[in-house]
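So in the numbering used here the end of the sequence shown lands on 138, straight run, no missing numbers.
Positions of the beta carbon are idealized from the N, C-alpha and C atoms, including for glycine.
Notes follow once the structure below has been shown.
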Amino acid sequence: MSETKIFKIGDAPTHERGDGVITTVLVTNEKCGSRITSGLTSFPVAKEVPVHCHNCDEQVVLLEGTCNVEIDGELTPVSKMDTTYIKAGTFHRFINIGDTRAVILWTYDSDSVTRTFLKTGKTVEHLSGEDVVTTQ
Numbered sequence: 003m004s005e006t007k008i009f010k011i012g013d014a015p016t017h018e019r020g021d022g023v024i025t026t027v028l029v030t031n032e033k034c035g036s037r038i039t040s041g042l043t044s045f046p047v048a049k050e051v052p053v054h055c056h057n058c059d060e061q062v063v064l065l066e067g068t069c070n071v072e073i074d075g076e077l078t079p080v081s082k083m084d085t086t087y088i089k090a091g092t093f094h095r096f097i098n099i100g101d102t103r104a105v106i107l108w109t110y111d112s113d114s115v116t117r118t119f120l121k122t123g124k125t126v127e128h129l130s131g132e133d134v135v136t137t138q
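Now the structure itself:
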């Protein structure tokens with residue numbers, strides 16, 4: 003029997019993360035027994051996601067929009083389909099610098115993801131009620 007799963011975007015759960023940021027969950031251990039976690043996050047013009055790091059490696063593909071990615075304090079512009087690889091424990095964030103919503107596809111190499119906010123030092127479970135993108 004095949005272990006392949008197909009997830010329809012219309013059936014994917016979404017999370018309102020504050021300040022107009024919406025995350026759509028695609029693949030998780032709970033959904034299909036995977037060892038990765040992936041999803042989409044959409045954020046409005048001029049939105050700066052708080053600086054944070056994760057307990058696992060992350061790959062981010064910018065699907066729509068124009069952003070700056072800040073990694074360890076250094077800003078780099080990224081455009082549609084540019085890919086960013088971020089090692090576990092590296093502080094980073096995306097800033098929408100375009101004139102339309104930005105959409106990123108993110109993939110973590112873990113089925114148990116946390117986020118630690120630089121400003122507060124607080125660590126939260128990924129997409130828990132405390133994992134918000136409003137000012138920390």
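Sequence-distant residues of the same chain with beta carbon closer than 6 Å to residue i, five excluded per side
{"i": "Ser44", "result": "Ile24, Arg103 and Val105"}
{"i": "Pro79", "result": "Asn70"}
{"i": "Ser36", "result": "Val29"}
{"i": "Asn31", "result": "Asp113"}
Inter-residue Cα distance where the pair is residue i and residue j
{"i": "Cys34", "j": "Ser130", "result": "19 Å"}
{"i": "His52", "j": "Lys7", "result": "What sits at residue 52 in the sequence shown is Pro, not His. Using only the alpha carbons, I get a separation of about 33 Å."}
{"i": "Glu127", "j": "Ser114", "result": "8 Å"}
{"i": "Glu76", "j": "Thr92", "result": "12 Å"}
Paired residues, beta bridge with residue i - DSSP
{"i": "Thr116", "result": "Glu127"}
{"i": "Ala2", "result": "In the structure as shown, the chain begins at 3 and stops at 138. Residue 2 is therefore absent and cannot be evaluated."}
{"i": "Thr109", "result": "Ser40 and Gln61"}
{"i": "Pro79", "result": "Asn70"}
Neighbourhood of residue i by C-beta, 7 Å cutoff - its chain only, sequence neighbours within 5 removed
{"i": "Ala90", "result": "His56, Asn57, Cys58 and Asp59"}
{"i": "Ala48", "result": "Asn98"}
Cβ shell of residue i (< 8 Å), same chain only, five flanking positions each side left out
{"i": "Arg95", "result": "Glu50, Val51, Pro52, Val53, His54, Val71 and Glu72"}
For the pair the stretch 49-66 and the stretch 78-95, tell me if three or more CB-CB distances fall below 8 Å. yes
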